[in-house]
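Down below is the structure, laid out as structure tokens.
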Amino acid sequence: MIRNIHPLASISQGAKIGQNVRIGPFTVVHDNVQIGDGTSIDGYCELGYPTSLAEGAPLIIGKNSIIRSHSVFYEGSNFDEGLVTGHHVTVREKTIAGKGFQIGTFGDIQGHCHIGHYVKTQSSVTVGQKSSIGNFVWLFPGVLLTNDPNPPSDNLLGVTLSDYVVVAVKATILPGVLIGKGSFVAAHSLVNQDMPENSLISGVPAKRLCNASDMRIKGDIRIRAYPWRKRYVRGYPDYIIKQWANDLDSVSF
Amino acid sequence: MIRNIHPLASISQGAKIGQNVRIGPFTVVHDNVQIGDGTSIDGYCELGYPTSLAEGAPLIIGKNSIIRSHSVFYEGSNFDEGLVTGHHVTVREKTIAGKGFQIGTFGDIQGHCHIGHYVKTQSSVTVGQKSSIGNFVWLFPGVLLTNDPNPPSDNLLGVTLSDYVVVAVKATILPGVLIGKGSFVAAHSLVNQDMPENSLISGVPAKRLCNASDMRIKGDIRIRAYPWRKRYVRGYPDYIIKQWANDLDSVSF
Amino acid sequence: MIRNIHPLASISQGAKIGQNVRIGPFTVVHDNVQIGDGTSIDGYCELGYPTSLAEGAPLIIGKNSIIRSHSVFYEGSNFDEGLVTGHHVTVREKTIAGKGFQIGTFGDIQGHCHIGHYVKTQSSVTVGQKSSIGNFVWLFPGVLLTNDPNPPSDNLLGVTLSDYVVVAVKATILPGVLIGKGSFVAAHSLVNQDMPENSLISGVPAKRLCNASDMRIKGDIRIRAYPWRKRYVRGYPDYIIKQWANDLDSVSF
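Residue numbers (this note's numbering), protein chains in the order written: chain Y, 49 to 301; chain D, 49 to 301; chain A, 49 to 301.
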């Protein structure tokens with residue numbers, strides 16, 4: 049079996065490491081961890097951070113993933129293939145994520161979340177406990193998904209973001225709010241109520257201004273900005289781009 | 049003496065390490081550091097980061113504390129027992145904190161702060177230099193306590209938060225502002241003036257909307273949300289819970 | 049040649065390390081890196097993080113710089129002398145910065161940026177790709193410079209901040225916006241249009257309220273707050289302070 053494990057990495061005997069896995073210097077992999085083939089882990093990472101809250105469930109990192117330096121993953125979460133992280137990321141227990149999940153630098157995924165396929169978060173995004181995120185969702189820098197309707201309390205209510213939702217920089221979604229499919233939340237908004245699909249949502253507190261699909265590209269009023277999948281496909285697999293080209297939005301994975 | 053110090057940790061000869069202390073791999077403890085009994089330090093931490101601004105004062109970590117990975121503490125700060133941090137925390141010099149201080153992941157405590165007992169900050173909270181925080185205060189994700197009334201300047205004016213104050217997500221408190229006892233600052237607010245006790249504070253700039261004690265639990269109008277200590281006691285010591293049950297809010301420690 | 053390289057640092061043979069350089073424990077320096085004389089690198093840093101996007105360009109750190117712990121610099125960026133960072137900083141490829149650049153803790157410089165001389169960012173500042181920043185600019189905690197006018201897209205439009213601009217806490221500048229010389233952006237603002245020089249800018253969305261030079265110091269209405277260089281010079285080199293004293297604002301470096 050071919051692997052590239054740095055001599056200054058510390059890998060527990062119980063960890064299950066796939067083929068063609070690279071592990072960088074000063075990284076610790078605990079016992080209760082499974083790493084898929086072709087995955088690359090940078091230095092200074094700690095994988096499978098022990099917690100009783102995982103109730104014994106392993107940390108599973110799917111194949112062909114990239115975890116960048118100084119990142120911490122607790123045991124008890126499960127990532128499908130193609131996970132990519134920035135640096136200095138923390139991910140807690142009992143989160144389940146689909147294919148191609150991207151977590152930006154300084155990302156904070158607080159656990160007990162359900163995350164669909166090809167969700168992309170940019171830097172400094174906080175995904176609160178119990179969040180539920182559909183497929184093809186984008187979270188831009190500084191976005192915060194909250195969960196406590198009566199802070200402090202223990203009755204956490206996660207946010208629900210439907211497929212294709214885009215949340216622009218520094219927007220905050222309050223506990224229990226559901227954002228409908230294909231909606232766009234504008235920069236700096238504070239969303240305190242459910243919103244139907246295809247909404248342009250903006251303000252503090254946020255209101256539905258119009259259909260998201262009424263928005264045009266800045267600089268060219270002939271091109272609709274949303275649904276974004278009709279104009280932006282970089283980085284998605286060919287089989288998904290083909291389904292989008294055939295006007296399918298409920299993609300088969 | 050029983051200790052559990054990882055062979056890849058680097059502990060200076062001058063550091064004073066208590067009994068039953070655990071120190072993880074790749075952690076550096078400098079000379080001018082005292083760590084209390086029963087404390088656990090994860091990997092990749094640097095404790096007692098040297099600075100002339102500490103004027104020779106040591107870093108003191110009280111007993112039964114937990115410092116999570118990738119955290120940096122400067123020399124010259126003093127934490128009472130039961131400190132708990134998330135990951136990737138930085139704490140500068142000359143901060144004094146009481147019992148049970150919790151600092152969330154990506155916390156940034158900028159030094160010269162006075163922090164009471166049982167203060168809890170969640171992730172990505174920035175506590176500016178010269179902040180003064182009472183007992184039982186909560187700071188939710190993304191909260192920022194500022195200090196420079198004329199940026200840039202050297203005449204810093206810290207924020208003062210009284211006992212039992214709750215600051216919700218992403219609120220910002222401007223320099224020199226005093227928030228009275230038991231007040232609640234709503235999500236995303238920008239507070240630019242002093243507020244009396246028991247205030248519900250909201251907006252940009254923030255206004256006093258009503259008494260905090262007029263707010264009800266979301267989903268049950270029969271239950272007052274504040275003072276929160278009448279409905280939420282998880283994680284506090286029994287002797288405090290008993291005093292609260294006897295309607296004492298000025299708790300004896 | 050005198051150097052102080054920790055035995056647990058890992059320095060590639062190809063790296064060019066100047067004289068009187070200090071490198072801390074557990075730091076990795078890759079091949080394509082040049083570090084100037086008198087520079088100090090803390091522990092847990094990774095310098096010259098490889099990326100094909102650098103197209104072979106080296107990471108250059110100027111002389112007399114200080115890089116604090118847990119920081120990551122990609123190859124392909126170039127920093128003039130006197131760079132100073134906080135902890136947990138990430139800097140990507142193809143950024144060029146002048147003398148005395150300061151990056152606060154949790155700073156995120158996303159690459160392809162042009163940054164002038166003596167720019168200072170405080171903690172948790174995000175400088176998006178393609179940002180252009182003049183000389184003597186201040187960015188306070190939580191400031192975000194964005195770049196995507198149609199998220200998600202690939203047609204990034206960076207922000208331009210002119211000389212002496214001050215952006216207060218948590219303000220966000222939207223893509224492609226130009227802020228004129230000496231302007232002040234108030235805390236928590238969202239700036240969505242170009243602003244002329246010497247503007248006081250505030251609000252969501254932000255408006256020009258008056259001249260920045262009309263603002264007085266809080267607590268003393270006799271003293272103008274801006275231009276700040278007339279009242280605040282700490283930390284700048286003598287030859288610059290002299291030019292300011294002679295009422296030169298276009299300083300010769």
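Idealized CB from N, CA, C, for every residue including glycine.
Would you list the residues sitting across from residue i in a DSSP beta bridge?
i              : result
A293 (chain D) : For A293 (chain D), which the question treats as bridged, DSSP gives no partner whatsoever.
I288 (chain Y) : Its beta-bridge partners do not exist; DSSP assigns none.
W186 (chain A) : A:K168, A:V214
D268 (chain Y) : Y:I265
G251 (chain Y) : Y:A254
S179 (chain Y) : Note: S179 (chain Y) sits in no beta bridge, so no partner.
I53 (chain D)  : D:I71
Starting from residue i, find everything on chain D with Cβ-Cβ shorter than 8 Å and list it in chain order.
i              : result
D191 (chain Y) : A small correction: the amino acid at residue 191 (chain Y) is Val; Asp does not occupy that position in the sequence shown. In chain order: nothing, as chain D lies at least about 10 Å away.
So, residue i versus residue j, is the Cβ gap smaller than 7 Å?
i              : j              : result
I115 (chain D) : I157 (chain D) : no
G155 (chain Y) : K142 (chain Y) : no
V207 (chain A) : V233 (chain A) : no
S117 (chain A) : G96 (chain A)  : no
E245 (chain D) : K229 (chain D) : yes
V213 (chain Y) : V239 (chain Y) : no
Y280 (chain D) : A260 (chain D) : no
T138 (chain A) : I151 (chain A) : no
S171 (chain D) : T153 (chain D) : yes
D128 (chain D) : G146 (chain D) : yes
G81 (chain Y)  : A63 (chain Y)  : Note on residue identity: the sequence assigns Val, not Gly, to residue 81 (chain Y). For V81 (chain Y) and A63 (chain Y), yes; Cβs fall inside 7 Å.
S247 (chain A) : S231 (chain A) : yes
I163 (chain D) : L209 (chain D) : no
P253 (chain D) : V217 (chain D) : no
M243 (chain Y) : I227 (chain Y) : yes
F74 (chain D)  : F74 (chain Y)  : yes
S60 (chain A)  : D79 (chain A)  : yes
D202 (chain A) : N183 (chain A) : no
I72 (chain Y)  : N112 (chain Y) : Looking at the sequence provided, one finds Gly at residue 72 (chain Y) rather than Ile. Contact flag unset, no.
I288 (chain A) : V299 (chain A) : yes
Quick one: which chain D residues come within Cβ less than 7 Å of residue i?
i              : result
N198 (chain Y) : I265, K266, A273
Just the chain A side, please: which residues come within less than 7 Å of residue i by C-beta, in chain order?
i              : result
E94 (chain D)  : G91, S117
F154 (chain D) : F154
S171 (chain Y) : D156, T174
V139 (chain D) : Chain A residues near V139 (chain D): none, gap ~10 Å exceeds 7 Å.
F188 (chain Y) : P199
Note down, in chain order, every chain Y residue with its Cβ under 8 Å from the Cβ of residue i.
i              : result
R282 (chain D) : D202
L222 (chain A) : A235
L238 (chain A) : A235, H236
Is any heavy atom of the ligand PLP found at a distance shorter than 6 Å from the C-beta of residue i?
i              : result
G190 (chain A) : Absent from the structure shown: the ligand PLP. Ligands present: none.
Residues of chain A with CB closer than 8 Å to the CB of residue i, please, in chain order.
i             : result
S58 (chain D) : L56, P73
Can you list, in chain order, the residues of its chain with a C-beta nearer than 6 Å to that of residue i? Leave out the 5 residues immediately preceding and following it.
i              : result
R70 (chain D)  : N52, S88
I83 (chain Y)  : I65, G66, V69, I109
T174 (chain A) : D156, L192
R277 (chain D) : W292
Y122 (chain Y) : Y97, T99, R140, E141
Q177 (chain Y) : Q158, G159, H160, N195, L204
A219 (chain Y) : V191, V233, S237
S119 (chain D) : C93, T133, V137
I144 (chain D) : N126, H162
I221 (chain A) : L193, V207, V239
L257 (chain Y) : L248, S250
I148 (chain A) : Correcting the residue type first, residue 148 (chain A) is Gly in the shown sequence and not Ile. Excluding sequence neighbours, G148 (chain A) sits near G130, Y166.
Quick one: which chain Y residues come within Cβ less than 9 Å of residue i?
i              : result
H136 (chain A) : H118, H135, H136, F154
Against residue i, what residues of chain D qualify as contacts under a CB-to-CB distance less than 9 Å, listed in chain order?
i              : result
W276 (chain A) : N198, P199, P200, S201
T143 (chain Y) : Those within 9 Å of T143 (chain Y) in chain D number zero; the least Cβ separation is about 15 Å.
Residues in the same chain with beta-carbon distance under 7 Å from residue i, minus the five sequence neighbours each way, listed in chain order, please.
i              : result
Q241 (chain A) : V225
D295 (chain Y) : none
Y284 (chain Y) : Y166
Kindly say whether residue i, judged by its beta-carbon, lies nearer than 7 Å to any beta-carbon of chain B.
i              : result
F121 (chain Y) : In the displayed structure, chain B is absent; the protein chains listed are Y, D and A.
Cβ closer than 7 Å: which chain Y residues qualify as neighbours of residue i?
i             : result
N76 (chain A) : It is Val, not Asn, that sits at residue 76 (chain A) in the sequence shown. Near V76 (chain A) (Cβ distances below 7 Å), the residues of chain Y are P73, G91.
Fill in: chain A contacts made by the segment 202-219 of chain Y, where a contact means CB separation under 8 Å
Using a CB distance below 8 Å, the part of the segment 202-219 of chain Y facing chain A consists of V214, A216, V217, K218, ordered along the chain.
Discussion item. Beta carbons nearer than 8 Å to chain Y: which residues of the segment 242-267 of chain A have them?
Written reply: Those would be V252, in chain order.
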